[in-house]
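Notes follow the structure.
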Amino acid sequence: MAHRRRQDAAVSMPSVEEIAVREDLRVRITRIDAQILALESSLRSLRGERKVLERRLHAHTYPVLTLPNEIAAHIFVHFLPVYPRCPPLTGLFSPTTLGHICYKWREIALSTPALWRAIDIYLNDNAELQPSLRIVESWLTRSASCPLSIRLLSSGPALSDLDPVLQACVSHSARWEYMKINTIPLDYIGNSGSMPLLRSLAVEGKVLEGSGWIASSIDAPQLQKLTLGRYREIFAAMIPWGQLKTLQLTGVAPHQFMAILRHTVNLVHCKLNIIEEPENNSNAADSATVKLIHLEALVLVQWVDDPWQTGWFDSLTLPALRRLQIAEECLGRERPVDTLLSFIARSGCSLEQVFILTLSSLSDDAYRAALSSVPSVVFNRSLDLGNGLFAPDSSEYAYTDSEDGLTPSQSISSDSDERWGSSGE
Numbered sequence: 001m002a003h004r005r006r007q008d009a010a011v012s013m014p015s016v017e018e019i020a021v022r023e024d025l026r027v028r029i030t031r032i033d034a035q036i037l038a039l040e041s042s043l044r045s046l047r048g049e050r051k052v053l054e055r056r057l058h059a060h061t062y063p064v065l066t067l068p069n070e071i072a073a074h075i076f077v078h079f080l081p082v083y084p085r086c087p088p089l090t091g092l093f094s095p096t097t098l099g100h101i102c103y104k105w106r107e108i109a110l111s112t113p114a115l116w117r118a119i120d121i122y123l124n125d126n127a128e129l130q131p132s133l134r135i136v137e138s139w140l141t142r143s144a145s146c147p148l149s150i151r152l153l154s155s156g157p158a159l160s161d162l163d164p165v166l167q168a169c170v171s172h173s174a175r176w177e178y179m180k181i182n183t184i185p186l187d188y189i190g191n192s193g194s195m196p197l198l199r200s201l202a203v204e205g206k207v208l209e210g211s212g213w214i215a216s217s218i219d220a221p222q223l224q225k226l227t228l229g230r231y232r233e234i235f236a237a238m239i240p241w242g243q244l245k246t247l248q249l250t251g252v253a254p255h256q257f258m259a260i261l262r263h264t265v266n267l268v269h270c271k272l273n274i275i276e277e278p279e280n281n282s283n284a285a286d287s288a289t290v291k292l293i294h295l296e297a298l299v300l301v302q303w304v305d306d307p308w309q310t311g312w313f314d315s316l317t318l319p320a321l322r323r324l325q326i327a328e329e330c331l332g333r334e335r336p337v338d339t340l341l342s343f344i345a346r347s348g349c350s351l352e353q354v355f356i357l358t359l360s361s362l363s364d365d366a367y368r369a370a371l372s373s374v375p376s377v378v379f380n381r382s383l384d385l386g387n388g389l390f391a392p393d394s395s396e397y398a399y400t401d402s403e404d405g406l407t408p409s410q411s412i413s414s415d416s417d418e419r420w421g422s423s424g425e
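Okay, so the sequence shown: first residue is 1 according to the working numbering, each after it adds one.
Here it is as structure tokens:
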């Protein structure tokens, strides 16, 4: 027993080396504790400094965020193209960009109907239909009761596939102010109901008659500007011609536009892209005089295989005309200068600019001598009537929409195009 106790005592007593190791560990722990205390003190100091900096940062006021919401909304509206031009649906210049800056700006943007009143829709294929429909519906909702400017162009989907998007737009036809579309059935125009705000309508592509459709007048008492990219006889019964101030027709025969012009008593600006009379047409333009006392600007382009259709021009009397752009074919093959001078004398107008697309060998000097009283006489011999000066979108026929109506732009040059202004929520 005594021997066992001596063995236990020998086992329990540490050696000198063990004692030294333990002492070293204690010293290291003490040093680490000191470092921890120093670091904790440094952290406390840094946290205190951080709080001070945060208070200073939060106390700083960004001037733009101090603006009243209504002022910020007004600035946002000026960020967009001038109405009725449409901003792109997505991208840097879309109103959706304003919602990506901060929460406050997003709330202001979503609660400002004027930001969403001009909608540019371009459909290239069927895959775009459903996303575009959601976007269009959201913009229409956000625009609240604002008048609308809508530009709807399609190059891919079938007309039947466009129906949901067309229906979404037509359901707000009472708010249409500017409408431009390139493919639409006549059903949508004639059966859109009252359009009390509509000032400008452009139908520039296919116009299809729906089954069982009956022509009816468009109910648009404010309509002043009309563009028809492909004229059809059925339009004659639909359009309130007498209230129009600006008219552009493409694909219209002389007997058609002469009949129309007898009703456009308030017309100020007019462009006609004339086609050849149908063979054996019994409705050829008669010789009754058409007098338009308010017409100031007239553009006449003749797109025919056999030019020099004449006779109808001798029936026009335009006493207020200031600017005339005319294809020489409209003046007749034999004595175009005399025809033009006879028109000026008959109208008693004071022309300020004459632009003549010349096809004959008649020298420019002959025209200049005859038109010596006209300040500006310009000539062009290009036959490419689909581009340049007489292109449908060319700014030679660009008119700006002003507060008090439709006024001509300052220039009728062909250097630039007037375009409307592309998808996102």
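No residue lacks a Cβ here, since even glycine has one placed at the ideal position from N, Cα and C. The structure displayed is predicted, hence computed values, not measured ones.
- Would you decide whether Tyr-399 is buried or exposed? Buried here means 16 or more other CB atoms lie within 10 Å of its CB. For the purposes of this step, residue 399 is taken as residue 399 along the sequence shown, with counting starting at 1. Legend: pLDDT at Tyr-399 = 35, less than 50; position of this residue unreliable, no value from coordinates given.
- Task: Whole angstroms is fine: what's the gap from Pro-81's alpha carbon to Pro-87's?
- Result: By one-based count along the sequence shown, residue 81 stands at place 81. By one-based count along the sequence shown, residue 87 stands at place 87. Cα to Cα, the separation comes out at about 6 Å.
- What distance in whole Å lies between the Cβ atoms of Tyr-367 and Val-377, which are believed to be in contact at a cut-off of 8 Å? One-based indexing of the sequence shown puts residue 377 at position 377. One-based indexing of the sequence shown puts residue 367 at position 367. Confirmed, about 6 Å.
- Query: When we look at the beta-carbon of Pro-14 and count the other beta-carbons within 10 Å, is it buried (16 or more) or exposed?
  - Reply: One-based indexing of the sequence shown puts residue 14 at position 14. Burial call: exposed.
- Query: How many angstroms separate the CA atom of Glu-427 from the CA atom of Asn-126?
  - Reply: Since the displayed the chain opens at 1 and closes at 425, residue 427 lies outside it and no answer follows.
- Item | Where Asp-120 sits in the DSSP three-state scheme | For the purposes of this step, residue 120 is taken as residue 120 along the sequence shown, with counting starting at 1. It is a strand residue.
- Message: For the alpha helix (DSSP H) containing Phe-79, name the first residue and the last one.
- Response: Locating residue 79 in the sequence shown gives position 79, where the first residue counts as 1. 69-79 is the span of the alpha helix (DSSP H), which, as asked, contains Phe-79.
- Message: Output needed for Gln-325: all residues of its chain with C-beta closer than 6 Å, excluding positions within five of it in sequence on either side, in chain order.
- Response: Sequence index remark: in the sequence shown, residue 325 carries index 325 (1-based). Answer for Gln-325: Val-299, Phe-355, listed in chain order.
- Task: Mark Thr-66 as exposed unless 16 or more other C-beta atoms lie within 10 angstroms of its C-beta, in which case mark it buried.
- Result: Locating residue 66 in the sequence shown gives position 66, where the first residue counts as 1. Counting Cβ neighbours within 10 Å, Thr-66 comes out exposed, since fewer than 16 surround it.
- Query: From which residue to which residue does the beta strand (DSSP E) around Ser-376 run?
  - Reply: Residue numbering aside, residue 376 sits at position 376 when the sequence shown is read from its first letter. 376-380 is the extent of the beta strand (DSSP E) around Ser-376.
- Task: With distances taken Cα to Cα, identify the nearest neighbour of Ala-118 among Asn-124, Thr-97, Leu-152, Ile-101.
- Result: As a working note, residue 118 is residue 118 in the sequence shown. Comparing Cα-Cα distances from Ala-118 to each of Asn-124, Thr-97, Leu-152, Ile-101, the minimum goes to Leu-152.
- Item | Collapsed DSSP secondary structure at Phe-343 in the structure displayed | Taking the first residue of the sequence shown as position 1, residue 343 is located at position 343. Three-state DSSP puts Phe-343 in a helix.
- Return the CA-CA distance between Thr-339 and Thr-246, expressed in angstroms with no decimal places. Taking the first residue of the sequence shown as position 1, residue 339 is located at position 339. Taking the first residue of the sequence shown as position 1, residue 246 is located at position 246. Thr-339 and Thr-246: Cα-Cα distance of roughly 25 Å.
- Of the listed residues Glu-107, His-78, Gly-193, Leu-244, nearest to Arg-262 (C-alpha basis): Here residue 262 is taken as the residue at index 262 of the sequence shown, counted from 1. That would be Leu-244, whose Cα lies nearest to the Cα of Arg-262.
- Please report the residue range of the beta strand (DSSP E) in which Thr-227 lies. Sequence index remark: in the sequence shown, residue 227 carries index 227 (1-based). Residues 225-228.
- Nearest residue (CA-CA) to His-269, options Ser-350, Pro-196, Ile-218, Leu-295: Here residue 269 is taken as the residue at index 269 of the sequence shown, counted from 1. When each option's Cα is compared against that of His-269, the closest is Leu-295.
- Would you call the region 168-182 and the region 195-206 touching, i.e. three or more CB-CB distances under 8 Å? yes
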